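Residue numbers (the working numbering), protein chains in the order written: chain H, 818 to 1152; chain Z, 818 to 1152; chain R, 818 to 1152; chain D, 818 to 1152.
All C-beta atoms in this analysis are idealised placements derived from N, C-alpha and C, irrespective of residue type, glycine included.
Nothing here was measured: the structure is a model prediction, and the numbers come from that model.
Report on the structure given below.
There are 4 protein chains.
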Amino acid sequence: MVRVAIIGASGYTGVESIEIILRHPQAEIAYLTALPDECEHVADTFGQLRGRLDMEIEPLDLDTLAAKADVALCCLPHKVSMGFVPKLLSTGVKVIDFSADYRIKDVDLYEKFYVPHTDRENLANAAYGLPELFREDIKQTNLVANPGCYPTGASLALAPLLKNGLIEPTGIIISSVTGVSGGGKNPCPIFHFPYMNENIYPYGVGVHRHMPEMEQVTSSVAGKDVTLLFQPHVGPFDRGIISSTYSDPTGDVTAEQLNALYNEFYADEPFVQIVTAPPAVKNVAKSNYCHIFPTVAKGKVVVFSVIDNLIKGASGQAIQNMNILFNLPETMGLE
Amino acid sequence: MVRVAIIGASGYTGVESIEIILRHPQAEIAYLTALPDECEHVADTFGQLRGRLDMEIEPLDLDTLAAKADVALCCLPHKVSMGFVPKLLSTGVKVIDFSADYRIKDVDLYEKFYVPHTDRENLANAAYGLPELFREDIKQTNLVANPGCYPTGASLALAPLLKNGLIEPTGIIISSVTGVSGGGKNPCPIFHFPYMNENIYPYGVGVHRHMPEMEQVTSSVAGKDVTLLFQPHVGPFDRGIISSTYSDPTGDVTAEQLNALYNEFYADEPFVQIVTAPPAVKNVAKSNYCHIFPTVAKGKVVVFSVIDNLIKGASGQAIQNMNILFNLPETMGLE
Amino acid sequence: MVRVAIIGASGYTGVESIEIILRHPQAEIAYLTALPDECEHVADTFGQLRGRLDMEIEPLDLDTLAAKADVALCCLPHKVSMGFVPKLLSTGVKVIDFSADYRIKDVDLYEKFYVPHTDRENLANAAYGLPELFREDIKQTNLVANPGCYPTGASLALAPLLKNGLIEPTGIIISSVTGVSGGGKNPCPIFHFPYMNENIYPYGVGVHRHMPEMEQVTSSVAGKDVTLLFQPHVGPFDRGIISSTYSDPTGDVTAEQLNALYNEFYADEPFVQIVTAPPAVKNVAKSNYCHIFPTVAKGKVVVFSVIDNLIKGASGQAIQNMNILFNLPETMGLE
Amino acid sequence: MVRVAIIGASGYTGVESIEIILRHPQAEIAYLTALPDECEHVADTFGQLRGRLDMEIEPLDLDTLAAKADVALCCLPHKVSMGFVPKLLSTGVKVIDFSADYRIKDVDLYEKFYVPHTDRENLANAAYGLPELFREDIKQTNLVANPGCYPTGASLALAPLLKNGLIEPTGIIISSVTGVSGGGKNPCPIFHFPYMNENIYPYGVGVHRHMPEMEQVTSSVAGKDVTLLFQPHVGPFDRGIISSTYSDPTGDVTAEQLNALYNEFYADEPFVQIVTAPPAVKNVAKSNYCHIFPTVAKGKVVVFSVIDNLIKGASGQAIQNMNILFNLPETMGLE
């Protein structure tokens, strides 16, 4: 049994991770931590766990972590996480970090969108945890940077095109809509129900932090610099992301060719399904699947992908990474 | 033209009042006030007013109020309002108060559910602003206590029965579901979209402050003490309240008799519609109407009513009261 | 491995059952049937199964059923089911029937609310599949009548009171709100999104077919005739039912006593959780749990229960029953 | 008073038009028609009109139309409308047609996306009813082709850029999300609440009929051929459309310059508001306003627009056109 600690267990990615591990035949919840004033019985924080998990959320203690856990899912926010990850690693556990702190290899770029980086050493050794594209890196690390929700769906949508040079690496548009859980658990005016319901709006125009992350991933796949415009929107639903991508083909290509290409590219990937009609967010809700529909329209290559932002975009992908780290079947607990 | 000031204009009842008055042919927005740190252009507070109303929200100044307005809609919270209403009245304007502070005539009862009352003098002179039941009182006052949202729908549902002694005055159950706007504009965990969406839950079991208000109104109509259990729930929609009431008939009564009785009781009321099938909240959304369906089932009298909590349950009713105070046609601006 | 056939697999209870069985370590989907014009690959009917289950839905063939399956989940509609169940049983499989056809023991009562009953023989042998109340009956049958969604939540809420004589067996009010999936998969005007969204309404006043089912169950528990008024509403959410019950105590009783009683009554029941604050539908979404909050208010006993209408109210409960029929741990596949 | 007939009054655009006219000081509902089997009291079709409009919906009779009405709002579907419009015009009324039948001037293009056109004569004389861009044409016609919902928002977003040659006329991406009311009133699986809720999906990839309409309008404004890719999505809300447009600038341009340009371009347009932050669909719900936010990001010109699909995208714009046709203030009844 893999003994799992969740650091920062009081948020949405915490409870999603707990729910997956409760169904996982080879993993168990060993330790839950949060800030002292958020420490209480886990069923008081998450009513849906009542009767399912009898455990207190506790303040983080490194000795306890070392004694109880084999792996830590670090669900702390961006900028906070890099203050804790070195300590977690020092206890000997493997770490899967949900924040952006270890995702961007170019420190200057990280610092432009975030803050000065305080843990460059571990950053250099971290693997980017998108198994479909970087599985071999993940196998060889003890620190996985779990990808952002938007970059997961967008990168899976674009990778086959860029890997094969089928689209121009510039001028790519990624227009995404996320469910509100992507904004986290803290109440705020823009996610207050009477404002958010019956509403949809864009945000982060030209400045969203997932844009450089997407460029890094897609450039890595393409083997050359990719520039893209990522535009997120938030819509009135709990969970899910649809990413609609528009790009310019480098030559003639048909929808049938794209379908064949994508099926081949993802032939061995259990969680990527190539569909032949526009995908619906609801079909991947509460699952670790990504549905992708590649096609052409009006001279553009158009690819849609849908994921659950909290599962394939966060906690499910983390467990997928955990399975890789511990040599378990990659789909265990996720089907 | 009736010149209208809105005191505490930055909340939901403020903007609903503004929107109604913008369509009102004999009234105009003259003055908008809020706490100093909420003062800005009204279109910055309420994006839907952009291009429709060019006015600043300002800190309250009594001289300005006296100079600019004929009536003040006081949208301040319970307990706060009674600190301001005497000052507003002192300027000579009429006041329609949205809070609970002037609704409950029994000071002891008020103080049991709220706090010590600091303006008993005006309380004695205030009229309860439910025009269908207390129109004559409203005509003779300069201070209207605008009813609570739940008491409006529930009282209109039960009044014909109690007035005519058709149900027992005890053991009445009122089980209501409100939209989330009833909880106001301040973000909080229970109204955070990812919690509230796909959810419904009861609250205030046995202790909701609208229960004594309902008992006061229905007792007044019945001419004897009425006791009832009011149980509110909140559901995943913006606006509207359905109140499902269950009571014991004092004798034999049929659905047809009830339909005839209700049609007669409300024959001259433009905003009350008696329907012959279960009513839907959506049919009264954004309107000042109340739809009522009285019937019998399994030996109980069952009456359903639906209103828009922000219109008939707040701002629309306030304008209806304003029309009465200023001898305008009661439906003006509300159809 | 228990080999499971699903008869009438193309509806919501079909896919919910499939998803549970896919996670069940000791059961497997062996056979899926539907009407001929609804037969296609299961992932075409349910996009969320793409990549997860590679099976065709086929027209029902009894020999195939006999060869492939140990148990049939019969998801056919009321009135249709009793035409098939005898045939299913004749193949030797055990049957868990989701319709109302085998729930009501009083044939006259069944026929009053439905149609003439055509399979009285099996009706007599069927067990009512609410394990928390009728587990011993279930163990001894090969035909389980899976309970209705509303009766499940309401009966669990009221059983401890009626078993112990704490409330009067008459005049009980059950006011429930269901999510829209309870209305099934067929499009219709009242469940069309632009009508249903931002809406809530009652239906079936005094005539809902679950009312006699509830009376049968609660009378059985009470050991005497129970009469109640059940009033359903439908609200703008996918899944879940809240039942708010109001009844008259036979003597003095406190919330604390009720809490203790309920905890004792359900002490050994893994899927019933007694909570100490009003329960939220969202906390049981996608789970087989029922949360119950018993309390007192204004001289009434008030008990709230929440379930997922498609899980504890249908497919989850069916798997719970299946586990009992096959001597598996009752919670297997459901936690 | 302008006497208004509504032909095909039983759908969403019918009731929206009715509601606006009920508030319009210089117009009145004179005649409502529908197919014979949809004829009933208007309040039976639209429960929200109970007590507000006492009129029967009747089968269309041309003599009655001639006698009762000055203008007909023709709310019939595409392809059906052109069979009726010549008859309506023959009675002497002016016609505002909601269908696509008179929008596309290029008959070949119309016939490619729809069916053979049967009324080329009136097509030639119809004005495209987007007042902000074609007001003078509207003043001189008796047949207005009311624009499509998507083309309204998208054209208003792009017109200032194309008129001034600030963007390339090729490669424009318009990625839109509409509320479900855009799909009309007929129940169907993809708009069934349990499917549509918590969902979002694209449709009509490369083939949506509003794409050529957009190209016609924008080409007309640009004075040269414009080609664009329009990609619609449908999201879980009743009403509203957000269009996010991405295009390539022809030269250097800043967000500040765009803001100034747009403010100047729409300076005299009461219903177009230029905003300085991402717009929200909710801010234009139930209104005839269009909010536009032009900016630049990553080398692209990015412009967002939001409208209410049923108001500015249909019925409100029709009344705006009606006001023009009858020399009434253009905003009458719409503010």
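Nearest residue (CA-CA) to residue i, options the options
i	options	result
Cys892 of chain R	R:Asn963, R:Ala1097 and R:Phe1121	R:Asn963
Ser1061 of chain R	R:His1108, R:Gln1033 and R:Val1043	R:His1108
Pro1066 of chain D	D:Ser1037, D:Leu877 and D:Ile990	D:Ile990
Lys1103 of chain Z	Z:Ile1141, Z:Leu1151 and Z:Ala1135	Z:Leu1151
Met872 of chain D	D:Ala860, D:Tyr1079, D:Gly1057 and D:Gly1133	D:Ala860
Glu1081 of chain D	D:Pro1019, D:Ala1131, D:Ser1037 and D:Leu978	D:Leu978
Ser1037 of chain H	H:Lys922, H:Val1098 and H:Gly999	H:Lys922
Gly1068 of chain H	H:Ile874, H:Gln843 and H:Asn981	H:Asn981
Phe1121 of chain H	H:Tyr1020, H:Ala971 and H:Val1022	H:Ala971
Nonlocal neighbours in the same chain, by C-beta distance under 8 Å from residue i, ignoring five residues either side
i	result
Val1070 of chain D	Leu983, Val1113 and Val1118
Asn1138 of chain H	Ile913, Gly946, Pro948, Ile955, Val961 and Asn963
Ile1017 of chain H	Val994, His1050, Val1051, Gly1052 and Pro1053
Ser907 of chain Z	Leu879
Gly996 of chain D	Val1051, Gly1052, Phe1054, Asp1055, Arg1056, Gly1057, Ile1058, Val1098 and Asn1126
Val1092 of chain R	His1108, Ile1109 and Phe1110
Local conformation of residue i per DSSP, three classes
i	result
Cys891 of chain Z	strand
Lys911 of chain R	strand
Tyr919 of chain D	coil
Ala822 of chain R	strand
Gln865 of chain R	helix
Pro933 of chain H	coil
Lys980 of chain Z	helix
Ser1036 of chain D	helix
Ile1017 of chain R	coil
Pro876 of chain H	coil
Ala962 of chain H	strand
Ala847 of chain Z	strand
Pro1087 of chain H	coil
Gly1053 of chain R	Residue identity differs from the one stated: residue 1053 of chain R is Pro in this sequence, not Gly. Pro1053 of chain R: coil per DSSP, three-state reduction.
Thr1093 of chain Z	coil
Val1120 of chain H	strand
Sequence-distant residues of its chain with Cβ nearer than 7 Å to residue i (five each side left out)
i	result
Met899 of chain H	Asp918, His934, Thr935 and Asp936
Arg820 of chain Z	Glu845, Ala847, Lys885, Ala886 and Asp887
Sequence-distant residues of its chain with Cβ nearer than 6 Å to residue i (five each side left out)
i	result
Thr862 of chain Z	Ser827
Arg1026 of chain D	Phe930
Gly965 of chain Z	His1027 and Glu1030
Buried or exposed (CB count within 10 angstroms, at least 16 for buried), residue i
i	result
Ala884 of chain R	exposed
Asn1105 of chain Z	buried
Met1028 of chain D	buried
Glu1073 of chain D	exposed
Leu1127 of chain D	buried
Tyr1146 of chain Z	This sequence places Pro at residue 1146 of chain Z; Tyr is not what is there. Exposed: under 16 other Cβ atoms inside 10 Å.
Asn1100 of chain Z	buried
Quiz item: Taking any Cβ of chain H, which residues in the segment 1059-1092 of chain R have a Cβ under 9 Å from it, in chain order?
Solution: Pro1087, Phe1088, Val1089, Gln1090 and Val1092
Quiz item: Taking any Cβ of chain Z, which residues in the segment 839-852 of chain H have a Cβ under 9 Å from it, in chain order?
Solution: none
Practice problem: Give, in chain order, every residue of the segment 1013-1031 of chain R whose Cβ lies closer than 9 Å to some Cβ of chain H. | Solution: Asn1014 and Glu1015
Quiz item: Residues in the segment 1096-1117 of chain H with C-beta within 7 Å of chain D's C-beta atoms, listed in sequence order?
Solution: Pro1096, Ala1097, Val1098, Lys1099, Ala1102, Thr1112, Ala1114, Lys1115 and Lys1117
Quiz item: Between the segment 978-997 of chain Z and chain H, which residues of the former have a C-beta closer than 9 Å to a C-beta of the latter?
Solution: Gly996 and Val997
Exercise. Compile a chain-ordered list of the residues in the segment 1034-1059 of chain R whose CB is closer than 8 Å to at least one CB of chain Z.
Key: Thr1044, Leu1045, Leu1046, Gln1048, His1050, Gly1052, Pro1053, Phe1054, Asp1055, Arg1056, Gly1057 and Ile1059
Quiz item: What residues from the segment 1120-1144 of chain Z come within 9 Å of chain R, judged by C-beta to C-beta, listed N to C?
Solution: Phe1121 and Val1123
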